Amino acid sequence: MPVPERRYRHGVVVGKFYPLHVGHAHLIRSAVRACEKVTVEVIAASVESIPLDKRAAWVRADHPTVRVVDLLDDTPVDFASDTAWDAHTATIAGLLDEPVDVVFTSDEYGAELARRLGADWVQIDPGRRINPVSGTAIRGDLDAHWHELSPTVRADLAARVVVLGAESTGSTTLAEALAAELGTLWVPEYGRELSETREGGLEAPWRSDEFDLVVDRQIAWEQDAARRAPRPVLVCDTDVLATALWHERYVGTAAPRIFARAAAHRPALYILTGDEIPFVQDGMRDGEHIRADMQERFREVLAAQPVPWLEVRGTVAERVASALPAIRRAVAEATSFAAPMEGRPHAEQEELRRRAGG
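This is how it looks when you write it as structure tokens:
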């Protein structure tokens, strides 16, 4: 059925958006062209591994003119069951702020949903000839389908590999080398740039609030790079956790607020660069006399947090070779998805719903 131009008053699009992809975008844009108002319902199950609020945020960011509502719903999915249909229709209708006169879907279930809502059905891209993509395919191989995600989604799904260490341990060199080996981007250290430009120069004492700026800017750089990354992996030369340790060094006290931000912004893997290589003074570093103590502090903090980590030593090539197996394992885990509720055996769906309901 061709998409009419402004024929309908209120249309609805329903989906898991697990994750949001170009096929969803085409569906939503088609609904917007045909309706005065569009409601997009993001409905997730508790067994799925992308949080509901994140999926809804993607839709809001990429489609700001639609009304987005979201709900966590563990009702079993069974298109052959009237009981399941009744439950899902009630859920979908309950999220509407007013009746709809058209339902937009790509899949065939839209016909029955539209009938139950007393609305027309418009099928967009049947058979997915325009956008041959599905959430199932993306969840099965995120790397192969990375180009089918918007920059908004990529920013959240790219696995972060963070390289850190005390001064003059080769972290920047390794970050660049790993990014080249992996065929992706790397994120430089904002704190170093700030050190060169801050008021008072290198000799001025650091203020605690300057480290908040470093965290904000570092995360912004990281998000921007993730949007542009050609693969779902990003190499970062430092992160929030490292910034918390440098706050201890330069301010002289711990910064619980920065450690809290680090806990909310964890990467897939940490790589600690060894301090066995010669110290090189570039005019900005404290000196070799504190390097060993800082390195030990990095080890202590890394050992106390949940993200996997390893320490690498040797030449750049040896460090890359040591890191790659751990990177591949960590990225594979970070870019995997739990199976959605739909498609699981009915008995398993019922058991999952029972557990979720306590």
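Be aware that the sequence shown starts at 1012, since it is given in this note's numbering, and climbs by one per residue. All residues carry an ideal CB built from backbone N, CA and C; glycine is no exception. Just so we're clear, the structure is a prediction, and the values are computed from it rather than from any experiment.
Looking at residue i: is its Cβ nearer than 8 Å to the Cβ of residue j?
i: residue 1176; j: residue 1284; result: yes
i: residue 1047; j: residue 1023; result: no
i: residue 1054; j: residue 1084; result: yes
i: residue 1131; j: residue 1200; result: no
i: residue 1195; j: residue 1240; result: yes
i: residue 1066; j: residue 1115; result: no
i: residue 1156; j: residue 1166; result: no
i: residue 1278; j: residue 1318; result: yes
i: residue 1233; j: residue 1245; result: yes
i: residue 1431; j: residue 1217; result: What is shown of the chain runs 1012 to 1369, which leaves residue 1431 out entirely.
i: residue 1043; j: residue 1076; result: yes
i: residue 1243; j: residue 1169; result: yes
i: residue 1351; j: residue 1056; result: yes
i: residue 1334; j: residue 1189; result: yes
In the DSSP assignment, what residue or residues form a beta bridge with residue i?
i: residue 1134; result: 1116
i: residue 1285; result: Its beta-bridge partners do not exist; DSSP assigns none.
i: residue 1353; result: Answer is none; residue 1353 lacks a bridge partner.
i: residue 1027; result: BP columns for residue 1027 are empty, so no partner.
i: residue 1021; result: 1048
i: residue 1083; result: 1055
i: residue 1322; result: 1283
i: residue 1078; result: 1050
Measuring alpha carbon to alpha carbon, tell me which residue in the options is nearest residue i.
i: residue 1162; options: 1033, 1179 and 1268; result: 1033
i: residue 1141; options: 1126, 1227 and 1041; result: 1041
i: residue 1340; options: 1315, 1172 and 1217; result: 1172
i: residue 1178; options: 1188, 1208, 1289 and 1198; result: 1289
i: residue 1338; options: 1214, 1078 and 1193; result: 1193
i: residue 1118; options: 1110, 1256, 1205 and 1146; result: 1146
i: residue 1331; options: 1191, 1204 and 1205; result: 1191
i: residue 1106; options: 1049, 1093 and 1138; result: 1049
i: residue 1282; options: 1121, 1336 and 1031; result: 1336
i: residue 1306; options: 1287, 1072 and 1104; result: 1287
i: residue 1230; options: 1272, 1211 and 1204; result: 1272
i: residue 1037; options: 1099, 1074 and 1020; result: 1074
i: residue 1127; options: 1136, 1112, 1138 and 1139; result: 1112
i: residue 1302; options: 1345, 1260, 1215 and 1320; result: 1260
i: residue 1101; options: 1124, 1269 and 1254; result: 1124
i: residue 1181; options: 1324, 1025 and 1342; result: 1324
Tell me, to the nearest whole angstrom, how far the beta carbon of residue i is from that of residue j; I am working on the premise that it is less than 8 Å.
i: residue 1348; j: residue 1150; result: 4 Å
Item checked: alpha helix (DSSP H) runs contained entirely in the segment 1126–1197, provided each spans 4 or more residues -> 1146–1151, 1162–1168 and 1182–1193
Next item on the list: Only counting runs of 3 or more residues, tell me where the beta strand (DSSP E) segments fall wholly within the segment 1215–1284, in order along the chain.
Entry: 1244–1248 and 1280–1284
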